[in-house]
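Chemist: The sequence shown maps to residues 462 to 706 in our numbering.
From the three backbone atoms N, C-alpha and C, an ideal C-beta is built for every residue, glycine too.
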Amino acid sequence: MPEELRHIHGFHAVVAKLRHDPEGVREIYLAAGRQDGRSRDLAQLAESRGVRIVSVDAARLDGMTKGERHQGVVAKVAAQQKYVTLDDVLDNLAEPALLLVLDGVTDPHNLGACLRVADAAGAHAVVAPKDRACGLNATAIKVASGAADTVPYIVVTNLARSLREIKERGIWTIGAAGEATRDLYAIEQKGATAWVLGAEGEGLRRLTRETCDELAKIPMYGAVESLNVSVASGICLFEARRQRG
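1. Considering only their Cβ atoms, is the gap separating A582 from A560 smaller than 8 Å?
2. If we ignore side chains and look at the alpha-carbon of each, how far apart do K537 and G573 end up?
3. Could you check which residue in A558, A589, L554 and G494 has the C-alpha nearest to that of N571?
4. Pair every Cβ in the region 634-648 with every Cβ in the region 613-620, then say whether three or more of these pairs are closer than 8 Å.
5. Is the distance from the Cβ of W656 to the Cβ of V562 below 8 Å?
6. With DSSP collapsed to three states, give me the class of P590.
7. Give the secondary structure of I679 by DSSP, where H, G and I count as helix, E and B as strand, and everything else as coil.
8. Can you name the start and end residues of the beta strand (DSSP E) that V617 belongs to?
9. Assuming contact is defined by CB atoms lying nearer than 8 Å, are A638 and L668 in contact in what I supplied?
10. Determine the direct distance from the alpha carbon of K678 to that of R791, and round the result to whole angstroms.
11. Distance check for E508 and S687, CA to CA, integer angstroms please.
12. Using the Cα positions of V486 and V475, report the straight-line distance between them to the nearest angstrom.
13. Going by beta-carbon coordinates alone, are S623 and R577 separated by less than 8 Å?
14. State buried or exposed for T567, treating a residue as buried only when at least 16 other CB atoms are found within 10 Å of its CB.
15. Taking the beta carbon of S694 as the centre, do at least 16 other beta carbons fall within 10 Å, making it buried, or is it exposed?
16. Residue range of the alpha helix (DSSP H) that L698 falls in?
17. Extract the residue ranges of the alpha helix (DSSP H) inside the region 601-664, only unbroken runs of 4 or more that lie entirely within it.
18. For A599, which three-state DSSP category applies?
19. Can you round the beta-carbon distance between G533 and A492 to whole angstroms, since I take them to be within the 8 Å contact cut?
20. Measuring alpha carbon to alpha carbon, tell me which residue in A558, G596 and R467 is nearest T526.
21. For N598, collect the residues of the same chain with a Cβ closer than 7 Å to its Cβ; drop the 5 residues on either side in sequence, then sort them by chain order.
22. Can you tell which of A647, D592, R480 and N689 has its C-alpha closest to the C-alpha of E661?
23. Measure how close the beta-carbons of E529 and H473 come, nearest whole angstrom, since I'm counting them as under 8 Å.
24. DSSP three-state label for H585, please.
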């Protein structure tokens, strides 16, 4: 049976894949004529990992990425992501867990940005449902700027059930909701914590909201009523980090 392959694009995504999962990279396509430092560094890294680079014209790269901005580099990689369960993550932590749970995030740009924020804040995993979610596609991987290969992205069949399992592991689940009576700065987050966020505008689904241990809001001082989910994720995760010192 032939191996299933997919394309990823953008320097951050391709370099991160080479560094963290070189055995999953089959070939790299680089825009013909590029001689800049970024391209030379990529070529050296690929050579050190034993991955072939093919020089191609821009039109071929455009076709591979269906017209998305690729920065002149595309990689053909194994389609199968490394399979990691939440238990795999939680069983091997040296500190209290810090998780980001996403409910109903269907825009791959938002997912990629959330992964990038999760990486920056040192979150141990991002959890999302199989349905009502965009999935980790090429756009999300590019926007993540390498974080798709450093932060485990765990897809679950039933989000409410998974939240209950997270709670059974002693992790306090906090749902971000504008109608909450307490703001995130009033909640202790020094222990194991899972922040649960929904898409901008729609917010958390009712069952997700009801399953959380408590709800918290981000205080808003201006005219806007909500924030992009990746911005909100960063505020929540970094507050947890701040409290941990």
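Modeler: Looking at the coordinates:
1. The identity of residue 560 in the sequence shown is Leu, whereas the question assumes Ala. Taking 8 Å as the cut-off, the Cβ atoms of L560 and A582 do not count as close.
2. 19 Å
3. A589
4. no
5. yes
6. strand
7. Note: I679 maps to coil in three-state DSSP.
8. Y614 to V617
9. no
10. Summary: the structure shown does not reach residue 791, with the chain confined to residues 462 through 706, and so no result is reported for it.
11. 46 Å
12. 9 Å
13. no
14. Answer is exposed; the Cβ neighbour count stays below 16.
15. By the neighbour-count rule (16 or more Cβ atoms within 10 Å), S694 is buried.
16. Segment V690 to R705, the alpha helix (DSSP H) holding L698.
17. 620-629
18. In this structure, A599 counts as helix in the three-state DSSP scheme.
19. 4 Å
20. Of A558, G596 and R467, the residue nearest in Cα terms is R467.
21. Listed in chain order, the non-local C-beta contacts of N598 below 7 Å within the same chain comprise P569, local neighbours out to five positions each way being set aside.
22. N689
23. Wrong, their Cβ atoms sit about 14 Å apart, outside the cutoff.
24. coil
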